[in-house]
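*Asks:* Residues in the sequence shown are numbered from 74 upward in steps of one, following the numbering used here.
Just so you know, even glycine gets a beta-carbon here, dropped at the ideal spot from N, CA and C.
This is the structure I want to talk about, given as structure tokens.
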Amino acid sequence: VTLSGSKHEKYASSSVAMSSDGKVIAMGFFHGKDMSEKNGQVIVYTLVNEKFWHPMGNVILGDSKLLDFGKSISLSSDGKKMAVGAYLDTNTSGYARVFEFDEYSQYW
74 VTLSGSKHEK
84 YASSSVAMSS
94 DGKVIAMGFF
104 HGKDMSEKNG
114 QVIVYTLVNE
124 KFWHPMGNVI
134 LGDSKLLDFG
144 KSISLSSDGK
154 KMAVGAYLDT
164 NTSGYARVFE
174 FDEYSQYW
């Protein structure tokens, strides 16, 4: 997937997950929009007209700095449920958050 023109062009995704039909992808950027923040974020895209990848809902941001949120992602087969991992929550453990896409509000 090429995200030309996106603000994430220069930062590689740390994790990627895809729906079973290949029409929804989730990409985790564990450094977030700025390499120094490390709060992390996840962006989900949906394939439109079999040609263009369009953002699906809001960008999901990590709770605070230095969590590396988005280090791991798991997407359901239909692409509407997602688990996102952050491995730096404390000195000894990380955490996972589960999201469900709301078709009405277009938010995770």
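(1) Indicate the three-state DSSP secondary structure (helix, strand or coil) for Val132 in the structure shown.
(2) Go ahead and label Lys144 buried or exposed: buried means 16 or more other beta carbons lie within 10 angstroms of its beta carbon, across all protein chains shown.
(3) I need the boundaries of the beta strand (DSSP E) containing Leu161, first residue and last residue.
(4) For the beta strand (DSSP E) that contains Phe142, what are its first and last residues?
(5) Below 8 Å on the Cβ atoms is my guess for Ser88 versus Ile146; work out the distance and round it to an integer in Å.
(6) Look at the alpha carbon of Gly158 and the alpha carbon of Ile133, and state the distance between them as a whole number of angstroms.
(7) Could you tell me which of Ser178, Tyr168, Tyr160 and Lys96 sits nearest to Val117, measuring between CA atoms?
(8) Excluding five sequence neighbours on each side, which residues of the same chain lie with their C-beta closer than 6 Å to the C-beta of Phe142?
(9) Taking the Cβ atom as the reference point for each residue, do Leu148 and Ala99 lie within a distance shorter than 8 Å?
*Replies:* Let me lay it out:
(1) Of the three classes helix, strand and coil, the one that applies to Val132 here is coil, per DSSP.
(2) Buried, since its Cβ has 16 or more Cβ neighbours within 10 Å.
(3) Taken as a continuous stretch (DSSP letters only), Leu161 belongs to no beta strand (DSSP E), as it is neither H nor E.
(4) In the DSSP assignment, Phe142 falls within the unbroken beta strand (DSSP E) covering Phe142 to Leu148.
(5) With 8 Å as the limit, Ser88 and Ile146 qualify as a contact, their Cβ atoms being about 5 Å apart.
(6) Distance from the CA of Gly158 to the CA of Ile133, rounded to the nearest whole angstrom, comes to 12 Å.
(7) Residue Lys96 is the option with its Cα nearest to Val117.
(8) Only Gly113, Gly135 and Ala159 meet the Cβ criterion.
(9) Taking a C-beta distance under 8 Å as the contact criterion, Leu148 and Ala99 qualify as a contact pair.
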